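Below you'll find the structure, written out as structure tokens, and then a few comments.
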Amino acid sequence: MIYNYNGDFIDANKITLNVADRAFQYGDSVFESMKFANGRINFWEDHYFRLMSSMRILRMEIPMDFSPEYLEDQIRNTLSENKLSEKAARIRLQVIRKEGGFYTPNSNDVNFLISVNTLENATYTLNEKGLEVDLFKDYYKQKSLLTNIKSGSAILYTVASIFKKENALDECLLLNDDKMVAEAISANVFVVKGKEIFTPPLTDGCLKGVMRKQVLEILPKMGYEVTEKSISPFDLQKADELFLTNASKGVQWVEKYRKKTFVNDVSQALIGRLNIKVALA
């Protein structure tokens, strides 16, 4: 893999660890995960504005040249260096506060790092086998503006992922301080009950997902009543369907939560609408 660090391309085999890097020392960074397919970055504008918002929340200095055009060019150059311009790829754009200082940084200036990996499918494809999920209850996610952004501080997700692996699960659902469902490890959560669909509000601590935004726009056009409301574990037991969303995979349906099994009717219809929206964008 060839990385893009501040516009310079570096072979992965030649990278040395900078122990003073603030992402390494403090998790002092934000990032965007995006999908590239058919020659474009899906929902690039939404990803860009979420990144700018996250940088402001963390009081990072936004460089004058950090325009949508500049960053898109940097992403495309990175894809080209990795010979992925004609393929589907996952993009990670990370912004890191420059080294220096302890908890208090010496500067709010930033560096950026872009990495890319091959994806199998150009379109969003629904998983054939439904996911098996359960609750992760060892630690809870706090409810604040900081928990709505994708930051480099990911210890909760890491511990939950280890729990997932230990218990042979496909995903885990994270709870907030009120013991309500906030999100999954790498996705937002949607619950279907009849013609009503619910998803946790941002005030419950979930990530402000770009794919979440697209789905919230699509579902009413499909005839569903969509509500952002707190979801309890008990609500999962009463649901007809449960699905997860993120930028790389689009929509994934959940087949099993404990002894409860779900259908995937809405998920199947939604993935088609999502692909149409991408094609028409």
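Each residue of the sequence shown is one higher than the one before, starting from 979 at the first, in the numbering used here.
For every residue, glycine included, the Cβ atom is placed at its ideal position computed from N, Cα and C.
What you are looking at is a predicted structure, and each value in this text was computed from that prediction instead of being measured.
Rounded straight-line distance, which links the Cα of residue j to that of residue i
| i | j | result |
| --- | --- | --- |
| residue 1091 | residue 1172 | 44 Å |
| residue 1102 | residue 1110 | 20 Å |
| residue 1015 | residue 1120 | 35 Å |
| residue 1025 | residue 1226 | 12 Å |
| residue 1242 | residue 1193 | 15 Å |
| residue 1224 | residue 997 | 32 Å |
| residue 1188 | residue 1038 | 21 Å |
| residue 1027 | residue 1036 | 14 Å |
| residue 1237 | residue 1157 | 20 Å |
| residue 1070 | residue 1051 | 14 Å |
| residue 1273 | residue 1147 | Outside the modelled stretch of the chain, which goes from 979 to 1259, sits residue 1273, for which no answer is possible. |
| residue 1248 | residue 1213 | 22 Å |
| residue 1019 | residue 1060 | 16 Å |
| residue 990 | residue 1093 | 10 Å |
| residue 994 | residue 1255 | 41 Å |
| residue 1106 | residue 1195 | 25 Å |
| residue 1108 | residue 1000 | 39 Å |
| residue 1240 | residue 1066 | 30 Å |
| residue 1145 | residue 1112 | 9 Å |
| residue 1075 | residue 985 | 16 Å |
| residue 1152 | residue 1002 | 25 Å |
| residue 1077 | residue 1084 | 8 Å |
| residue 1150 | residue 1222 | 11 Å |
| residue 1251 | residue 1204 | 16 Å |
| residue 1064 | residue 1211 | 43 Å |
Candidates the options, of which the one nearest residue i by Cα
| i | options | result |
| --- | --- | --- |
| residue 1073 | 1010, 1158, 1016 | 1010 |
| residue 1095 | 981, 1186, 1180 | 981 |
| residue 1268 | 1067, 1022, 1037 | Any property of residue 1268 remains undetermined from this structure, which presents the chain solely from 979 to 1259. |
| residue 1166 | 1156, 1097, 1183 | 1183 |
| residue 1190 | 1238, 1212, 1161 | 1161 |
| residue 1207 | 1236, 1196, 1235, 1175 | 1175 |
| residue 1013 | 1057, 1045, 1144, 1044 | 1057 |
| residue 1046 | 1060, 1034, 1061, 1029 | 1029 |
| residue 1253 | 1099, 1068, 1093, 1212 | 1099 |
| residue 1126 | 1065, 1245, 1067, 1179 | 1179 |
| residue 1164 | 1181, 1186, 1145 | 1186 |
| residue 1245 | 986, 1232, 1257 | 1232 |
| residue 1114 | 1135, 1108, 1130 | 1135 |
| residue 1154 | 992, 1144, 1116 | 1116 |
| residue 1031 | 1007, 1222, 1054 | 1007 |
| residue 926 | 984, 1004, 1159 | Lying before the first or after the last residue shown, residue 926 is absent from the chain, which here runs from 979 to 1259. |
| residue 1104 | 1258, 1259, 1234, 1229 | 1229 |
| residue 1257 | 1017, 1235, 1063, 1043 | 1017 |
Helix, strand or coil at residue i [DSSP, three-state]
| i | result |
| --- | --- |
| residue 1135 | helix |
| residue 1177 | strand |
| residue 1230 | strand |
| residue 1164 | coil |
| residue 1206 | strand |
| residue 1093 | strand |
| residue 1254 | helix |
| residue 1245 | helix |
| residue 1171 | strand |
| residue 980 | strand |
| residue 1196 | helix |
| residue 1240 | coil |
| residue 1224 | strand |
| residue 1144 | helix |
*asked:* Would the stretch 1187-1204 count as touching the stretch 1135-1151 if we require 3 or more Cβ pairs under 8 Å?
replied: Pairwise C-beta distances place the stretch 1187-1204 out of contact with the stretch 1135-1151, as fewer than three of them are shorter than 8 Å.
*Evaluate contact between the stretch 1157-1172 and the stretch 1207-1217, counting only Cβ atoms and requiring at least three cross-stretch pairs below 8 Å.*
Yes, the stretch 1157-1172 is in contact with the stretch 1207-1217.
_Threshold first: 3 residues or longer. Then list the beta strand (DSSP E) segments lying entirely within the stretch 1055-1086, N to C._
Correct list: 1067-1075.
*Write down every uninterrupted run of the alpha helix (DSSP H) in the stretch 992-1049 whose length is 4 residues or greater and which is fully enclosed by it, in chain order.*
Listed in chain order, the complete alpha helix (DSSP H) runs (minimum 4 residues) inside the stretch 992-1049 are 1000-1004, 1022-1035.
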